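In our numbering, the protein residues as written are 1 to 441.
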Amino acid sequence: MKKITFLLALIAFNFNSWAQCTTNTGGQWPSSTITLANSGAAETIASNNWPNAEFSLIDNVLAGSDYTVAGTGMFITVTNTADSSIITSGSNSVSFTAGPGLTGITVFWHLDALCGTNNGPNTLTTIQCTTCTCPETSAPSVATLPTPSDGATDIMIDDSDPDNLLITPFSWTDGTVGGSVESTNLSLGTTPTGDDIGTITGATNGNGIIYTWQPNTTYYWFVESINCFGSTTSPVWSFTTSSCTLSAPDAINNVVEPIDGAVDVAIDTTDPANLLVTPFSWTDPITGDAPSSYNLSLGVTPTGDDIGTITGAGNGNGIIYTWAYSTTYYWYVEGVNCGGTGTASPVWSFTTEADPNLSISEFSKSSFNHYYDNDTKILNIESSTSTLTSIEIYSITGKNVISKKLSNSREAINLSELTDGIYLAKVNINGNSKTVKFVKN
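Right under this line is the structure:
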């Protein structure tokens, strides 16, 4: 009997240890703190919480009042924001009485009591003060007089920040016949239902909306006016954005940094977890319509895009990547505006510096020298103290044109069969390397 009792106690202990899920890898959602109206009605936390270890911050909790937090299909854990102590937890709906001094809570959303997670589905989450009373006797009356006005055309898209396209303002006049408005939800879509893009809970009258707005497109929207008694929904209004009169930008042909064919490009290792090469800059074309943003592609092959593409890249910014020493990278940019994506620039290249912890000291000890004799078409390389191991020669496009093992401290490399141009020679000595640039003509 004691063994059975002990086993049951262990099971109960394990379940309780699992049933308090406070991991927060999903981040805060919504991104702002919810301030309770404490009206007695269910108040929306979010229309689209996920059970993926998201958390929501809620303040203006009234000590001594009873609350219910709900989210269908969610495992809910409620903590005191001030000290992270557990208040309650459970599936779908949990209730608690706010203790003395409690003013703010944090709600964690998981999939189950084992603290599982899942990206979706969008779930409506609410909190209700069940002991608070509603002073309103009716829901708000319908909002009117929208801006943009219903049926408006040529609504401008502010693209001064290409990553945050803005239309502003979105405003309306609250109804005056019914109850007062405590909060407003704004829904937006590209279909006449007006909500297929999504809903902004707690929308502010007169604010703008940042979205991936498209030119010459009709959008639909409506607002829901809410108080503790209930809510009313406005008609669905519409507006059409202005057409784009620009042509896609011309090709960007002038690179500033790193210059095409640059060698010994420094890698900033100040933060070892975020290796940085900076800047990447270029000059816009003087012809055609100006770009409002850029795509920057990067690779280790001459196509220049096998690593990936940064959309909305900034001219003059750096790039954080797992940069490797003594490596040739290729890159190009495209200008973008509302007229489309322009012709890509030429593919440029640069080679990063040798590892300063290895090759600099080693080559310093070796007194490495090189000299290209244009008359004999011979590249002379020499180390006064160490044996040369190998040499690899690349064209400026990154093509390997010569690979040769070496066994002497002085070597002469015949380049007579190479066409004239700029070349990079990577010389290896005892596992270390140095890249040098030379011109054959």
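Heads up, the beta-carbon is just placed ideally off N, CA and C, and yes, glycines get one too.
Please read all numbers here as calculations on a predicted model, not as lab measurements.
CB of residue i within 8 angstroms of CB of residue j, strictly
{"i": "PRO169", "j": "GLY208", "result": "yes"}
{"i": "THR328", "j": "THR343", "result": "no"}
{"i": "LYS440", "j": "LEU424", "result": "no"}
{"i": "GLY179", "j": "PHE229", "result": "yes"}
{"i": "TYR483", "j": "GLY261", "result": "Here the chain has residues from 1 to 441 only, and residue 483 is not among them."}
{"i": "ILE267", "j": "VAL255", "result": "no"}
{"i": "SER95", "j": "GLN20", "result": "no"}
{"i": "ILE226", "j": "THR184", "result": "yes"}
{"i": "GLY27", "j": "ALA63", "result": "no"}
{"i": "THR232", "j": "PRO140", "result": "yes"}
{"i": "PHE108", "j": "ALA53", "result": "yes"}
{"i": "THR389", "j": "LEU415", "result": "no"}
{"i": "THR44", "j": "THR126", "result": "yes"}
Coil, strand or helix - residue i by DSSP
{"i": "ASP154", "result": "strand"}
{"i": "GLU417", "result": "coil"}
{"i": "ILE210", "result": "strand"}
{"i": "LYS404", "result": "strand"}
{"i": "ASP268", "result": "strand"}
{"i": "ALA449", "result": "In the structure as shown, the chain begins at 1 and stops at 441. Residue 449 is therefore absent and cannot be evaluated."}
{"i": "ALA82", "result": "coil"}
{"i": "VAL181", "result": "coil"}
Limits of the unbroken beta strand (DSSP E) element including residue i
{"i": "ALA248", "result": "Counting along the chain, ALA248 falls outside any beta strand (DSSP E), and DSSP gives it neither H nor E."}
{"i": "ILE259", "result": "Counting along the chain, ILE259 falls outside any beta strand (DSSP E), and DSSP gives it neither H nor E."}
{"i": "PRO146", "result": "144-147"}
Between the CA atoms of residue j and residue i - distance to the nearest angstrom
{"i": "ILE197", "j": "ALA46", "result": "15 angstroms"}
{"i": "THR322", "j": "LEU275", "result": "6 angstroms"}
{"i": "SER297", "j": "PRO148", "result": "38 angstroms"}
{"i": "GLY421", "j": "LYS437", "result": "11 angstroms"}
{"i": "SER395", "j": "VAL401", "result": "7 angstroms"}
{"i": "GLN214", "j": "ASN337", "result": "11 angstroms"}
{"i": "SER39", "j": "THR130", "result": "9 angstroms"}
{"i": "GLU362", "j": "ALA354", "result": "Residue placement at GLU362 is poorly supported in this model, since its pLDDT is 49, which falls under 50; the coordinates are not used for a value here."}
{"i": "ALA290", "j": "LEU246", "result": "9 angstroms"}
{"i": "THR309", "j": "PRO235", "result": "42 angstroms"}
{"i": "ASN92", "j": "ASN24", "result": "18 angstroms"}
{"i": "SER292", "j": "ASN253", "result": "17 angstroms"}
{"i": "ILE76", "j": "VAL69", "result": "8 angstroms"}
{"i": "VAL265", "j": "THR173", "result": "58 angstroms"}
{"i": "GLY314", "j": "PHE280", "result": "8 angstroms"}
{"i": "SER138", "j": "GLY288", "result": "59 angstroms"}
{"i": "ILE393", "j": "ASP161", "result": "43 angstroms"}
C-beta neighbour in chain D for residue i, strict 8 angstroms
{"i": "SER138", "result": "No chain D appears in this structure, which consists of one protein chain only."}
- [ ] Quick one: which unbroken beta strand (DSSP E) runs of 3-plus residues sit fully inside the segment 286-369? Chain order, please.
- [x] Taking only runs of at least 3 residues, the beta strand (DSSP E) segments lying wholly in the segment 286-369 are 293-299, 308-311, 328-337, 348-352.
Task: Ordered list of beta strand (DSSP E) runs contained in the segment 24-109, each at least 3 residues - done: Within the segment 24-109, the complete beta strand (DSSP E) runs of at least 3 residues are 42-49, 54-59, 66-80, 86-97.
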